[in-house]
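Structure, as structure tokens:
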Amino acid sequence: MGMDKLERMKFLVDEVNKHNKYYYDLDAPTISDKEYDALYYELVDLEKETGVILPNSPTQRVGGSALDKFEKKKHDVRLYSMNKVRSFGDLKKFMSDMAEFQSNPTFSLEYKFDGLTIVVEYENGLFKSATTRGNGEVGEVVTEQVRTIKSVPLSVPFKGKLLVRGEGMMTMRAFNRYNKNAVEPLKNPRNGVAGAIRNLDPKETAKRQLDFFCYEVLYAENKNFSSQVDMHNFLKENHFLTGDYFKVVKTAEEAEEEIEKVDKVKDKLDVMIDGMVIKLNETAHREEIGYTNKFPKWAMAFKFEALETSTILKDVVWQVGRTGKVTPTAILEPVELAGANISRATLNNIEDIRKKGVMINSRIFIRRSNEVIPEVLGLAEKYDNSKEIVEPSFCPCCGEKLVKKGPLLYCKNRDGCVEQIISRLTHFVSREAMNIEGLNEKSLEKFHLDLGVNEFSDLFKLSAEQLMTLEKFKEKKATNIVSSIQKAKEVELYRFLYALGISEVGIKTAKDIAKEFKTLENIEKATVEELVRVDDVGEIIAKNIVEYFADEENLKEIDRLFSLGVSILDNESVALSNKLEGLTFVLTGTLPHYSRPDMSALIEKHGGKVSSSVSKNTSFVLAGEEAGSKLDKAKALGVKIISEGDILKMME
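Those letters in the sequence shown? Residues 4 to 655, per the numbering used here, in order.
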């Protein structure tokens, strides 16, 4: 084998690893997918040809062959868990206790990640093995699974023996990306990571695109750290992700202020966290302060309000949605959870119910995450009077025989099922869709039952006289509603597309498609292949769109809307100026006078582009109050940061 081939392989390994870092860790790719593939596959071919695989080759990340079972391994360094407090009073007491050991102590604050704890070992600067936490003394060897995680470095600058501890995580971005085309979507990122690491087939782990956030050096040969800051910097220098939050505070008041800030934005983060970890920053007295049987006494976790609890599942009701899908909802014994009184929770379908083993009159676990309505996690306890949940055979609304597609149930009585009709109309008039003010579910039900409003187009035929025949509709109310229906006739393409209620097409997807295809005509003609090229549009969504526009009835209804005066605003005609042309903006935090959607629309009307993530192609980051990680990333990449006032001046 010629030296030049080996040199080329070394070059390719470094190049591909560098691009992986830009793509996965910084979300700021610097080359196209096509160029990346060319480098990657050239490396694959050279490895085949030479029979040599360099130890830090990215080709080793795809997951090797499946294992028969997990091996057990005793940890070299015992893993402690964290003592927890839930009140600021208890946190203050912990901090003042530390002052007895050290004068003027400082404290580090970090996220408490909600994933799966992993220990990774390096020897001579190379990735050697990975183990789960297990019981803190013995864990399971998951080396091959963890090798597929792109943010676990395969080589590090530090050459001594090194043991680090961190959390295997599935970011919200990876979670959404995975669920886009998953036959069996994951319930939440935490289940996603546990199922991926504790999976005997590393290829399955690789599909989930996990991340590893590192927060502790358990052992570094011949190296001591003077503080948590020192350790944190060492982890960063050795190419570990640490999450985008690390603060040092002096007083309990500062700690409280920081924790409250994070609590407000935790649901918007790309990672799931369930609290904050506070440690005595200086390490000099840690050994003297010592450990209990379970916890270090010099560290504490502040847990956010619990997002999980248990309660009794009293009943299950099946409801019909706008697309005819019939889904179950759990009716619960009311229970308080994260400051809200909860009496209903989501169940997906009968397979989900069977898998979780929940029954009527059983005690179940529920969790409230980013969604307002909590989800059912599983069975806590069943009783003598617990009984199976039975799937209906007939539509609970109209009595039509239901059709089964995989685990899902559908009522095909599109035009005779009242719940479907009301649900479709409610979606059509909603704020993000056609934005017809003054209409809600109750009034639309009256329109349907008393005035025969079945289709979207029927709304545009209503007169004030007709509305005045309805109970509680006086002249003023009737004329207001008719005028708001007329006012809503001019609509942006993305709102119109969203309003049609195509299965799985949310507002963001509608925006992306409208931007790409420019006109409704183009969208009607688009093929599955063309639609899939749009970011975040998977096979399933693309098929739903193609099927929708292949249906004669849907096309006739769109024509009826246009003949009644509905018109799609030409994107160009909405433009106010081209002052921001060629500039890309990222918005973060709360602006003083504009909501983020309104500001985004304004930027676009002045010719600018709005992106959701900061990269080196970002022209400006527009930052408001409580700006988050995007602001830190902008500073790191040297992107100019501006305020609402600055951008309004630019548009003048």
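Think of the CB as a built atom: it goes at the ideal place given N, C-alpha and C, for glycine as much as any other residue.
Cross-strand partners of residue i (DSSP beta bridge)
i: Y114; result: M279
i: W321; result: P331
i: F368; result: S313, G381
i: K75; result: E143
i: K643; result: F623
i: P108; result: According to DSSP, which records beta bridges pairwise, P108 is partnered with nothing at all.
i: L411; result: K408
i: V55; result: Answer is none; V55 lacks a bridge partner.
i: A133; result: V123
i: M362; result: Paired residue(s): none; M362 is not in a bridge.
i: M85; result: M85 pairs with nothing; no bridge assigned.
i: M172; result: D214
i: I571; result: V494
i: S603; result: DSSP lists no partner for S603.
Extent of the continuous alpha helix (DSSP H) to which residue i belongs
i: L583; result: Counting along the chain, L583 falls outside any alpha helix (DSSP H), and DSSP gives it neither H nor E.
i: M303; result: Careful: M303 lies outside any alpha helix (DSSP H), inside the beta strand (DSSP E) at 302-306.
i: V232; result: 231-240
i: G648; result: 647-654
i: G195; result: 192-200
i: G92; result: 91-101
i: A553; result: 542-553
i: K612; result: Counting along the chain, K612 falls outside any alpha helix (DSSP H), though it belongs to the beta strand (DSSP E) covering 612-614.
i: Q469; result: 467-471
i: V186; result: Note, V186: premise wrong, no alpha helix (DSSP H); not H, not E.
i: P395; result: Per DSSP, P395 belongs to no alpha helix (DSSP H) and is neither H nor E.
i: H430; result: 421-432
i: A529; result: Unbroken run through A529: none, as it is neither H nor E.
Residue i - containing beta strand (DSSP E), residue span
i: V406; result: 406-408
i: F499; result: Element bounds for F499: not the beta strand (DSSP E) but the alpha helix (DSSP H), 496-502.
i: V123; result: 119-126
i: L221; result: 214-223
i: A343; result: 343-349
i: V251; result: 250-252
Pair within 8 Å by beta-carbon distance, residue i and residue j
i: E170; j: T120; result: yes
i: V531; j: E542; result: yes
i: A537; j: I516; result: Here residue 537 is Val; the residue named in the question, Ala, does not match the sequence. It is a contact, given that the beta carbons lie within the stated cut-off.
i: R370; j: E308; result: no
i: F450; j: E259; result: no
i: L335; j: V361; result: no
i: V47; j: T33; result: no
i: G610; j: S580; result: yes
i: V123; j: A133; result: yes
i: I392; j: I363; result: yes
i: F623; j: K638; result: no
i: F298; j: M85; result: yes
i: A348; j: P395; result: no
i: L590; j: S603; result: yes
i: E143; j: T135; result: yes
i: Y181; j: R211; result: yes
i: A553; j: A502; result: no
i: M279; j: F97; result: no
i: D273; j: M175; result: yes
i: S487; j: I439; result: yes
i: L2; j: L454; result: Limits of the chain in this structure are 4 at one end and 655 at the other, which puts residue 2 out of reach.
i: I424; j: N457; result: yes
i: D117; j: I292; result: no
i: P399; j: V338; result: no
i: E285; j: P108; result: yes
i: Y83; j: Y294; result: yes
i: F305; j: V88; result: yes
i: L564; j: F459; result: yes
Short CB-CB distance (under 8 Å) between residue i and chain E
i: I121; result: Absent from the structure is chain E; it holds one protein chain and no more.
Supposed close pair residue i, residue j - CB separation, criterion 8 Å
i: L15; j: E45; result: 6 Å
i: K359; j: V379; result: 6 Å
i: V3; j: L572; result: With the chain covering only 4 through 655, there is no way to say anything about residue 3.
i: K582; j: M653; result: 6 Å
i: K183; j: D539; result: 7 Å
Taking 8 Å as the cut-off, does the segment 247-254 touch the segment 79-88 (at least 3 CB pairs, one atom from each stretch)? no
Under 8 Å: do the segment 168-188 and the segment 94-108 share three or more Cβ pairs, one atom per stretch? no
At least 3 beta-carbon pairs within less than 8 Å: the segment 227-239 vs the segment 197-215: Contact fails: fewer than three Cβ-Cβ distances are below 8 Å.
Under 8 Å, with one C-beta from each stretch per pair, do the segment 619-628 and the segment 592-611 reach the 3-pair mark? yes
Contact between the segment 105-113 and the segment 318-332 (3+ Cβ pairs under 8 Å): no
Inter-stretch contact at 8 Å, needing at least 3 Cβ pairs: the segment 147-165 / the segment 346-353: no
Quick check: the segment 144-162 against the segment 178-196, are there 3 or more CB pairs under 8 Å? By the C-beta criterion, the segment 144-162 is judged not to be in contact with the segment 178-196, since fewer than 3 inter-stretch pairs fall below 8 Å.
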